[in-house]
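In the working numbering, the protein residues as written are 14 to 295.
Encoded as structure tokens, the structure appears first; notes follow it.
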């Protein structure tokens with residue numbers, strides 16, 4: 014065989030072998046990454062035995078839930094612990110998601126609330142023709158973090174950043190709809206229920222009665238509780254932990270919104286659902 018041909022043949026064979034090794038390495042990395050992400054997702058999801066999401070799980074338990082080989086999974090988790098994706102519990106030897114991931118996820122949620130939240134408000138305002146807001150809970154008050162007000166609105170100034178008592182605000186009931194009665198009592202432990210409108214709750218028990226109706230409906234109706242003539246519908250928004258982190262609201266004059274309650278509620282429910290999908294990264 015000609016020397017040049019032989020060299021070319023040897024080179025081609027070496028290249029093929031190198032490509033094969035590279036392909037095997039890539040498959041190994043992809044397999045390891047997949048196993049790691051599967052393990053992390055399962056840890057974040059939590060067990061089905063009543064323990065909370067993110068609870069510590071042993072390697073054996075996790076391997077059983079994932080249908081993986083225990084020894085291989087142990088090596089993957091150990092490598093992930095070294096990079097602070099998961100944390101090892103010194104007492105049990107089990108694993109849980111590292112707190113840094115929750116911090117990053119919370120920061121991302123806060124960012125998406127403002128960006129995707131504004132998109133949701135724009136959609137709601139376009140459908141209803143009314144002022145729409147996004148609020149969060151801050152102690153015993155609610156604070157607006159985004160708003161969309163239609164042209165021609167008589168609103169003076171902006172509500173962004175302004176707190177309002179949660180017991181009578183447009184979104185207070187929606188924001189507290191997943192809290193149990195004891196948690197709600199703790200929120201208002203030092204709150205004086207001052208009258209702001211003709212239908213302002215008179216105290217904790219009155220607020221809890223209205224909150225129970227909100228829980229059953231899936232959205233709140235605040236009828237002249239914040240101020241005379243004001244009516245609103247609000248829907249809670251949940252994040253990746255399934256906790257209520259915000260609420261979208263449609264607010265306007267009672268004479269105009271009250272006959273359109275179902276229409277406004279349907280729009281708020283629809284856009285709240287889309288915002289939840291964005292917050293959960295789906």
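The beta carbon of each residue, even a glycine, is placed where N, CA and C say it ideally should be.
- Burial check for residue 235: the Cβ neighbour count within 10 Å reaches 16 or more, so the residue is buried.
- For residue 158 against residue 127, the beta-carbon gap comes to about 6 Å, under 8 Å, which counts as contact.
- Taking one beta carbon from each stretch, the stretch 207-227 and the stretch 257-273 have fewer than 3 pairs nearer than 8 Å; the two do not touch.
- About 7 Å separates the CB atoms of residue 191 and residue 249; that is less than 8 Å, so the two are in contact.
- Residue 262 is bridged by DSSP to 146, 247.
- Per DSSP, residue 220 lies in no beta strand (DSSP E); the unbroken alpha helix (DSSP H) holding it starts and ends at 217-230.
- Pairing residue 136 with residue 284, the inter-Cα distance amounts to about 7 Å.
- Residue 176 is positioned such that its CB atom lies no closer than 8 Å to that of residue 200.
- Three or more Cβ pairs drawn from the stretch 257-269 and the stretch 139-155 lie within less than 8 Å of each other, which places the two stretches in contact.
- Contact between the stretch 95-112 and the stretch 220-231 is absent: fewer than 3 CB-CB pairs across the two stretches fall below 8 Å.
- In the three-state reduction of the DSSP assignment, residue 276 falls in the helix class.
- For residue 209, the number of other beta carbons within 10 angstroms of its own is at least 16, and it is reported as buried.
- Counting along the chain, residue 87 sits inside the alpha helix (DSSP H) bounded by residues 83-95.
- Considering only 220, 243, 57, 280, the residue with the shortest C-alpha distance to residue 153 is 220.
- Of the residues 189, 72, 50, the one whose Cα lies closest to the Cα of residue 84 is 72.
- Residue state for residue 257 is assigned as strand, using DSSP reduced to three classes.
- Linking residue 102 to residue 281 through their CA atoms gives a straight-line distance of about 42 Å.
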